[in-house]
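Student: The structure follows.
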DNA sequence: TCAAAAGTGTTCCTGGTACACCCATGA
DNA sequence: TCATGGGTGTACCAGGAACACTTTTGA
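Chains as they are written, first to last, in the UniProt record's numbering: chain A, 1 to 234; chain B, 1 to 234.
So this is what it looks like as structure tokens:
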């Protein structure tokens, strides 16, 4: 239980961010090109070190704003800690991985740190620096589980959204097609998940019957959960 | 992304352990009495700092052996990271909380560090040092969720166990009574959860029909999950 | 012979899946 | 008028909950 703070090489604590968005029915993730060694020029998850008086959540929000231009209005969840001794060759770094779910990214402004950020479809997020491939895979699994038990899917949508938009979020993250009729009943039958939004109906893609608008409801957990077909099956 | 390792006060990284066991149908947790300031004499979760070349899991297993005498043969799961700046008054400490599920604790030997360890029913685990009340509550919730989707309950049982013993684990962790008949069918109907163990039947408590023995099966996830009554209801 | 726990059978009912069908809009 | 997506209805079926009942032991 004793600890001499100068006896050991210091640890650094970092946050790594898997920033997800859904565009045109495709799950995308934000990556940055590394500007320095190690792994210069390779793609990595955005992230950075905790400052002396920051919690992990605060550091995550700050780094997200700095590196990708996303400022507030997103959902942040903890994925896990990565603490293997040699995961960063420079020094001992313990990373706290988070997911950030954002409705839509403003295009990064040139000249800022955010200019190095790019969006890629999750399926094409190639080999990444450090152990970020593993972190990204864990984060994706984590988001899939969040959609089952929490209203996290609404974090991908604008403030008012149609049930079709919400369904496409689930389909993009889970990679499976869902029955629109059954999805509708499940969502509306889950108390607090969505509430009807006032205002006129909206045309989703131009064609088809205009859809009613909903907003995110007060629930933080989904009862019953929205299980995806693959779950009980595999 | 740059970081000068000597520019800031160093961080310390620790593991905190919520060590659970089920005795006589009661969920118990292992606590230690702090031998030094801060919070000298108060109860706390066992834990300690990561050594320079240890991962969190390695540190957790080492600390568990040192502080409670539990050596190997237990299940370890990650709960989350606690990173608020002032959670430890001595210095900046980021704690990685874990749960350890053990079938039965050997009585701690006097004269070792483990002598300060004690078991308490979870419900009576009073106010703890630091933010350990919150960590313990999170850990308990985490174990409850693990029982639904993983075979974690077998970690509380000896190598060969009866379905009645397994059911009492669920009842102790969830705090609810379960129908023995339905529980039995659910467990046996979940592939890979349990496999019949050779050998004679065992008397659980002396009275009643002798029960068949089972061992933990090869599954790491439960399909379908064992949902508890409170889940979909509340 | 009684209590207690294991184990089996059965009924009821909820909730999920699949799919047919109608509605409202743009092209 | 056709294609497209929103929205409703419904039949089927698996799985969970509740509970009666038999079996096998110790006291």
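Don't be surprised by glycine CBs; every beta carbon is placed ideally from N, CA and C.
Under a three-way DSSP split, which group does residue 142 of chain B fall into?
Tutor: Three-state result, residue 142 of chain B: helix.
Student: At 4 residues or longer, and completely inside the UniProt domain "Nudix hydrolase" (10-142) of chain A: list those alpha helix (DSSP H) runs for me, N to C.
Tutor: Within the UniProt domain "Nudix hydrolase" (10-142) of chain A, the complete alpha helix (DSSP H) runs of at least 4 residues are 56-68.
Student: Using only the alpha-carbon positions, how far apart do residue 189 of chain A and residue 195 of chain A sit?
Tutor: Distance between the alpha carbons of residue 189 of chain A and residue 195 of chain A: 11 Å.
Student: At the 8 Å Cβ level, is residue 248 of chain A part of the contact set with chain B, yes or no?
Tutor: Because chain A is modelled from 1 through 234, residue 248 of chain A falls outside the range shown and cannot be assessed.
Student: Within the 8 Å Cβ cut-off, does residue 3 of chain B reach chain A?
Tutor: With a pLDDT of only 48 at residue 3 of chain B, under the threshold of 50, the placement of this residue in the model should not be trusted; the figure read from the coordinates follows. With 8 Å as the cut-off, residue 3 of chain B counts as an interface residue toward chain A.
Student: Tell whether a beta-carbon distance below 8 Å holds between residue 130 of chain A and residue 44 of chain A.
Tutor: For residue 130 of chain A and residue 44 of chain A, yes; Cβs fall inside 8 Å.
Student: State yes or no: is the beta carbon of residue 80 of chain A nearer than 8 Å to at least one beta carbon in chain B?
Tutor: Residue 80 of chain A counts as touching chain B.
Student: What number of angstroms, rounded off, separates the C-alpha of residue 74 of chain A from the C-alpha of residue 101 of chain A?
Tutor: Answer to the nearest angstrom: the Cα atoms are 6 Å apart.
Student: Compare the beta carbon distance of residue 158 of chain B and residue 103 of chain B with 8 Å and say whether it is the shorter of the two.
Tutor: Cβ atoms of residue 158 of chain B and residue 103 of chain B: closer than 8 Å.
Student: Indicate whether at least one CB of chain A lies closer than 8 Å to the CB of residue 13 of chain B.
Tutor: Chain A, which has a Cβ nearer than 8 Å to the Cβ of residue 13 of chain B, makes this yes.
Student: Please look up how many angstroms separate the CB atoms of residue 30 of chain A and residue 117 of chain A, rounded, as I've assumed it's under 8 Å.
Tutor: Contact holds; Cβ gap of about 6 Å.
Student: Could you tell me which chain A residues have their CB closer than 9 Å to the CB of residue 54 of chain B, listed as they occur along the chain?
Tutor: Per Cβ cutoff of 9 Å: 83 and 85.
Student: List, in order along the chain, the chain A residues whose C-beta lies closer than 9 Å to that of residue 127 of chain B?
Tutor: Correct list: empty, because the minimum Cβ distance to chain A is about 19 Å.
Student: Mind checking whether the beta-carbon of residue 168 of chain B lies closer than 7 Å to any heavy atom of the ligand GTP?
Tutor: The ligand GTP is not part of this structure, which contains no ligands at all.
Student: Kindly list the residues whose CB is nearer than 6 Å to the CB of residue 70 of chain A, restricted to its own chain and excluding five residues on each side of it in sequence; keep chain order.
Tutor: Same-chain partners within the cutoff: 64 and 102.
Student: Distance, Cα to Cα, residue 201 of chain B vs residue 193 of chain B?
Tutor: Going from the Cα of residue 201 of chain B to the Cα of residue 193 of chain B covers about 19 Å.
Student: According to DSSP, simplified to helix, strand and coil, what is residue 193 of chain B?
Tutor: In the structure shown, residue 193 of chain B sits in coil (DSSP, three-state: anything other than H, G, I, E or B).
Student: Just to confirm, is the Cβ distance from residue 10 of chain B to residue 32 of chain B under 8 Å?
Tutor: No, Cβ-Cβ distance for residue 10 of chain B and residue 32 of chain B is not below 8 Å.
Student: Quick check: the Cα distance between residue 214 of chain A and residue 167 of chain A, rounded to an integer number of angstroms?
Tutor: Rounded to whole angstroms, residue 214 of chain A to residue 167 of chain A spans 13 Å at the Cα level.
Student: Counting only Cβ-Cβ distances shorter than 9 Å, please list the residues of the stretch 84-104 of chain B near chain A, keeping chain order.
Tutor: Of all residues in the stretch 84-104 of chain B, 84, 85, 86, 90, 91, 92, 93, 94 and 96 have a Cβ within less than 9 Å of some Cβ in chain A.
Student: I want to see whether chain B comes within less than 8 Å of residue 200 of chain A, judged by CB atoms only; does it?
Tutor: No, its Cβ sits nowhere closer than 8 Å to a Cβ of chain B.
Student: Shorter than 8 Å from the beta carbon of residue 234 of chain A to some beta carbon of chain B?
Tutor: For residue 234 of chain A, the pLDDT reaches just 36, beneath the cut-off of 50, and the residue's location in the model is therefore unreliable, although a value from the coordinates is still provided. By this cut-off, residue 234 of chain A is an interface position.
Student: Is the stretch 147-166 of chain A in contact with the stretch 89-96 of chain A, if contact means three or more CB pairs nearer than 8 Å?
Tutor: Contact fails: fewer than three Cβ-Cβ distances are below 8 Å.
Student: Determine whether the Cβ of residue 50 of chain B lies closer than 8 Å to any Cβ atom of chain A.
Tutor: Judged by the 8 Å Cβ criterion, residue 50 of chain B is in contact with chain A.
Student: Could you have a look at residue 211 of chain B and say whether DSSP puts it in helix, strand or coil?
Tutor: It is a strand residue.
Student: Between A:37, A:77 and A:124, which lies nearest to residue 89 of chain A when the distance is taken from Cα to Cα?
Tutor: Checked all of A:37, A:77 and A:124; the closest Cα to residue 89 of chain A is A:37.
Student: Residues in its own chain within less than 7 Å of residue 216 of chain A by CB, not counting five upstream and five downstream?
Tutor: Correct list, in chain order: 151, 154 and 194.
Student: According to DSSP, residue 237 of chain A sits in a beta bridge with which residue or residues?
Tutor: Summary: the structure shown does not reach residue 237 of chain A, with chain A confined to residues 1 through 234, and so no result is reported for it.
Student: Leaving out the 5 sequence neighbours to the left and right, which residues in its chain are closer than 8 Å to residue 199 of chain A when beta-carbon positions are compared?
Tutor: These residues qualify, in order along the chain: 160 and 213.
Student: With DSSP as the reference, please indicate the residues paired to residue 202 of chain B in a beta bridge.
Tutor: According to DSSP, residue 202 of chain B bridges with B:211.
Student: Does chain B have any CB closer than 8 Å to the CB of residue 10 of chain A?
Tutor: Residue 10 of chain A counts as touching chain B.
Student: Just to confirm my understanding: we take residue 57 of chain A, look at its own chain, exclude 5 residues before and 5 after, and list those with CB closer than 7 Å. What are they?
Tutor: Contacts found: 76.
Student: Taking the DSSP output, what are the residues bridged to residue 161 of chain A?
Tutor: Looking at the DSSP assignment, residue 161 of chain A forms a beta bridge with A:214.
Student: So the alpha helix (DSSP H) residue 183 of chain B belongs to, where does it begin and stop?
Tutor: Start and end: 180-188.
Student: Could you give the distance in angstroms between the alpha-carbon of residue 62 of chain B and the alpha-carbon of residue 49 of chain B?
Tutor: Distance between the alpha carbons of residue 62 of chain B and residue 49 of chain B is about 10 Å.
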